[in-house]
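What follows is a set of notes on a single structure, which appears directly below.
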Amino acid sequence: MTVRRTVYITGIVVLCAWTLVPIYLIALAAVGGRTVVNNWPKPFLPPTDISLETMREFLDIAGVWTSALYSVEAAVLCMAFSILLGVPAGYALARFAFAGATTYRLLILLTRAFPVAILALPLTVGFIRLGLYDTPFGVSLMHTTLALPFAVLVSASLFQAIPRELEEAAWVFGCSPVRAFLRVVLPLALPGIAAVAIFAFVISWNEVFAASVLTVRHKTLTAYLLSVLSESPLHVQFAGGFLLIVPSVLFIFLARKRLFSMWGIATR
Amino acid sequence: MADIVIDNITKSFGSFVALERVDLEVADGEFLALLGPSGCGKTTLLRIIAGLETQSSGHVTIGGRDVSALPPRKRGLAMVFQNYAVFPHMTVRQNVGFGLHMAGADAARIERQVARAAALLHIEPNLDRYPAQLSGGQRQRVAVARALAIEPSVLLMDEPLSNLDALLRLEMRAELKSVLLEAGTTTIYVTHDQTEAMALADRIAILHAGRIQQIGPPAEVYTFPATIFVGGFVGSPPMNFLTLPVEDGCVRLGTLTLTPPAESGNQVVLGVRPEDLEPTVAAGGFPFTVRVTEPLGPHIMLTGETLGQQMRVVVPPETPVPVGATIQLRPRNDRIVWMDPASGATVGRGEVAKVGTEAASD
Chain A
4 MTVRRTVYIT GIVVLCAWTL VPIYLIALAA VGGRTVVNNW PKPFLPPTDI
54 SLETMREFLD IAGVWTSALY SVEAAVLCMA FSILLGVPAG YALARFAFAG
104 ATTYRLLILL TRAFPVAILA LPLTVGFIRL GLYDTPFGVS LMHTTLALPF
154 AVLVSASLFQ AIPRELEEAA WVFGCSPVRA FLRVVLPLAL PGIAAVAIFA
204 FVISWNEVFA ASVLTVRHKT LTAYLLSVLS ESPLHVQFAG GFLLIVPSVL
254 FIFLARKRLF SMWGIATR
Chain B
40 MADIVIDNIT KSFGSFVALE RVDLEVADGE FLALLGPSGC GKTTLLRIIA
90 GLETQSSGHV TIGGRDVSAL PPRKRGLAMV FQNYAVFPHM TVRQNVGFGL
140 HMAGADAARI ERQVARAAAL LHIEPNLDRY PAQLSGGQRQ RVAVARALAI
190 EPSVLLMDEP LSNLDALLRL EMRAELKSVL LEAGTTTIYV THDQTEAMAL
240 ADRIAILHAG RIQQIGPPAE VYTFPATIFV GGFVGSPPMN FLTLPVEDGC
290 VRLGTLTLTP PAESGNQVVL GVRPEDLEPT VAAGGFPFTV RVTEPLGPHI
340 MLTGETLGQQ MRVVVPPETP VPVGATIQLR PRNDRIVWMD PASGATVGRG
390 EVAKVGTEAA SD
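Protein chains in written order, with the numbering used here: chain A, 4 to 271; chain B, 40 to 401.
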């Protein structure tokens with residue numbers, strides 16, 4: 004019993020450390036200024052003289068704010084497209100038996116098997132031809148293809164977890180199929196759909212490679228930082244990295260209840 | 040109020056035929072139980088009536104209106120699902136009022152009807168709770184109240200009690216019967232539990248392998264099953280079947296000589312209920328060797344053999360029989376059924392059988 008408990012607690016500690024230590028180190032370097040970055044060993048406790056000087060230095064870099072705006076634009080569009088395309092596809096997978104449903108499910112996963120690096124050149128050429136090159140809209144399309152498999156499969160499992168009888172009961176008691184979806188299925192799936200939306204947002208926000216390749220002047224924050232920070236001093240790079248993870252962490256933190264309820268449904 | 044006519048319904052899934060040319064008529068205000076083992080097609084038939092499944096061929100008529108091609112919402116019926124299907128994101132009040140709300144009833148009418156249905160099923164204290172806060176039995180009541188609130192002309196129930204524990208099931212069964220008697224709704228009730236069907240229904244339709252075997256009042260189905268299957272499925276313990284040779288138009292069983300219907304071939308199956316076998320003293324019966332005795336309180340159940348074929352006999356508790364003993368039995372001759380061993384169909388009832396000479400003197 005005690006051994007099991009020890010293993011249990013050790014597991015928790017390791018998992019927490021796995022996530023928290025890197026974030027802590029980045030945060031430390033971001034607020035500690037030049038000296039902390041170069042010191043070794045790192046202080047275990049946060050320095051007393053926390054300075055936001057480095058952060059300000061980073062935020063003063065020309066173009067950071069504009070590219071942040073492009074990032075938000077691409078992420079919001081990616082989120083919207085993932086929901087609009089992924090949720091209906093998920094519903095179809097969950098509710099209808101159609102020829103090739105299993106193959107379709109597999110193909111969805113296979114879209115993630117293509118390395119973006121191989122697609123980069125043809126994509127760039129195609130985007131230039133279509134006039135999508137160097138626009139946040141174009142980037143959001145690319146990010147949607149990355150987020151979509153996840154959106155489809157998760158919403159499929161969401162809908163699968165909602166008993167079909169609930170929908171049938173709604174039909175019997177006077178609903179058309181559309182109305183039954185809106186009044187019964189959607190309210191029950193909403194927490195999960197919100198989680199899908201957040202994931203799509205985070206995927207787009209964090210994506211670097213495609214965003215770097217597909218833009219020149221209208222770079223998203225990650226792509227912009229990649230090109231700018233390589234010439235900045237180390238502590239500014241850390242400040243940039245820190246500010247980059249804050250929105251994702253904050254987003255997931257705010258949505259944690261919704262995420263758990265989604266997983267609750269998915270594992271039931 | 041409406042009658043239901045099911046006309047020549049066939050349903051096949053690929054090459055599997057779930058229902059084959061099913062005909063069924065349910066009178067206005069009647070309570071019909073669809074009884075059968077799992078996989079016999081009873082739920083499929085109910086779902087076809089509800090419009091949740093599409094028949095391969097045939098017609099469903101409700102109250103003189105052909106509803107075969109209509110979606111569920113236009114058929115004017117209500118349904119109680121096996122797993123209740125109570126909407127978890129709505130309060131009990133919203134659940135019960137859902138059908139009326141969807142039909143566009145005004146608030147006053149919804150309130151009135153919900154209050155009535157809630158009173159009928161004793162769920163008033165729970166009206167503002169969510170289904171997750173209710174027990175299984177309470178959820179079942181909500182599902183029934185939701186169905187009754189719209190005052191449907193037809194009520195369909197799909198094994199509504201099967202998810203409740205035994206005691207609650209018994210309680211809900213009696214309550215359901217009184218509620219539905221009061222509402223006077225035409226009801227089709229699907230179940231695999233023959234006791235439930237016997238207890239609730241005006242008539243029982245027994246389905247087996249996609250075909251209706253027999254339709255009739257519970258007592259008739261019980262006493263005079265139309266096939267060997269019905270006799271074995273209805274009643275607990277099931278009917279006894281003895282396969283016997285026919286010689287010169289007579290069947291000899293111990294010292295008894297019975298006369299099966301004239302059209303019987305070389306062999307005939309004698310069907311008799313365990314409680315319709317009486318132990319007799321000395322002659323005038325057939326031997327039965329007891330292997331197991333089960334004292335069940337109101338009676339004792341004996342399991343044993345006659346002519347190498349298994350039989351069950353129910354005897355009064357005051358006549359204990361030792362295991363291994365051989366006793367003489369005789370059937371109540373007005374309660375026996377003759378069946379064809381090949382087709383399983385009943386060819387004659389007790390009245391046809393005449394008890395032979397030795398027995399007649401008894």
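Backbone N, C-alpha and C define an ideal beta-carbon position, used for all residues, glycine too.
Quantities reported herein were computed from a predicted structural model and do not represent experimental measurements.
- Taking C-alpha positions only, A/L217 is separated from A/P180 by approximately 41 Å.
- DSSP places A/E56 in the helix class (H, G or I) of the three-state scheme.
- B/E314 and B/L368 do not touch by the CB rule: their CB atoms are close to 12 Å apart, not below 8 Å.
- Taking B/P326 as the centre and dropping the five residues before and after it, the same chain places the C-beta of G293, T345, T365 and Q367 closer than 7 Å to its C-beta, in chain order.
- Under the DSSP assignment, B/L200 falls outside any beta strand (DSSP E); it carries neither an H nor an E label.
- Taken in chain order, the complete beta strand (DSSP E) segments of 3 or more residues contained in the segment 108–181 of chain B are 116–119.
- Of all residues in the segment 126–147 of chain B, only F126, P127, H128, M129, F137, G138, L139, H140, M141, A142 and G143 come within less than 9 Å of chain A when Cβ atoms are compared, listed by chain position.
- With contacts defined as CB atoms closer than 9 Å, B/I254 and B/I243 qualify as a contacting pair.
- Within chain A, P166 and E168 have C-beta atoms less than 9 Å from the C-beta of B/N122, given in sequence order.
- For a cut-off of 8 Å, the C-beta gap from A/T127 to A/Y136 is around 7 Å, short enough to register as a contact.
- Going by DSSP, A/L169 is part of the alpha helix (DSSP H) stretching over R167 to V175.
- With contacts defined by Cβ atoms closer than 9 Å, B/D42 and B/V65 form a contacting pair.
- At a Cβ-Cβ threshold of 9 Å, A/Y73 and A/L169 do not count as neighbours.
- Bounds of any alpha helix (DSSP H) do not take in B/Y228; it lies within the beta strand (DSSP E) bounded by T225 to T230.
- In the three-state reduction of the DSSP assignment, B/D373 falls in the helix class, which pools H, G and I.
- With a threshold of 9 Å between beta carbons, A/F176 makes contact with chain B.
- Where A/I12 is concerned, the enclosing alpha helix (DSSP H) starts and stops at T5 to N41.
- In the DSSP secondary-structure assignment, B/M196 is bridged to B/V119 and B/Y228.
- With respect to the C-alpha of B/S382, the residue from B/T266, B/P337 and B/V352 having the closest C-alpha is B/T266.
- If you look at B/S96, you'll find it in the beta strand (DSSP E) that goes S96 to I101.
- Put simply, the backbone Cα of B/V135 is about 36 Å away from that of A/S85.
- For B/R250, the closest Cβ of chain A is not nearer than 9 Å.
- When Cβ-Cβ separations below 9 Å define contact, A/L126 makes no contact with chain B.
- The Cβ of A/E210 sits no closer than 9 Å to any Cβ of chain B.
- Shown here, B/H338 sits in coil according to DSSP, grouped into three states, outside any helix or strand.
- Taking 7 Å as the cut-off between beta carbons, none of the residues of the segment 333–363 of chain B comes near chain A.
- Taking a Cβ-Cβ cut-off of 9 Å, the neighbours of B/I189 in chain A comprise F176 and G177, given in sequence order.
- Under the three-state reduction of DSSP output, B/L187 falls in the helix class.
- Looking at the backbone, the Cα of B/L116 and that of A/A203 are separated by about 43 Å.
- The contact set of A/L122 on chain B, defined by CB atoms closer than 7 Å, is empty, because the minimum CB distance reaches about 41 Å.
- Of all residues in the segment 141–161 of chain A, none comes within less than 8 Å of chain B when Cβ atoms are compared.
- Interface flag for B/R112 against chain A is set, since a Cβ pair is found closer than 9 Å.
- If you compare the alpha carbons of B/A222, B/P199 and B/T224 with that of B/R212, the shortest gap goes to B/P199.
- Residues are counted here when their Cβ sits less than 9 Å from a Cβ of chain A; for the segment 77–93 of chain B these are R86, A89, G90 and L91, given in chain order.
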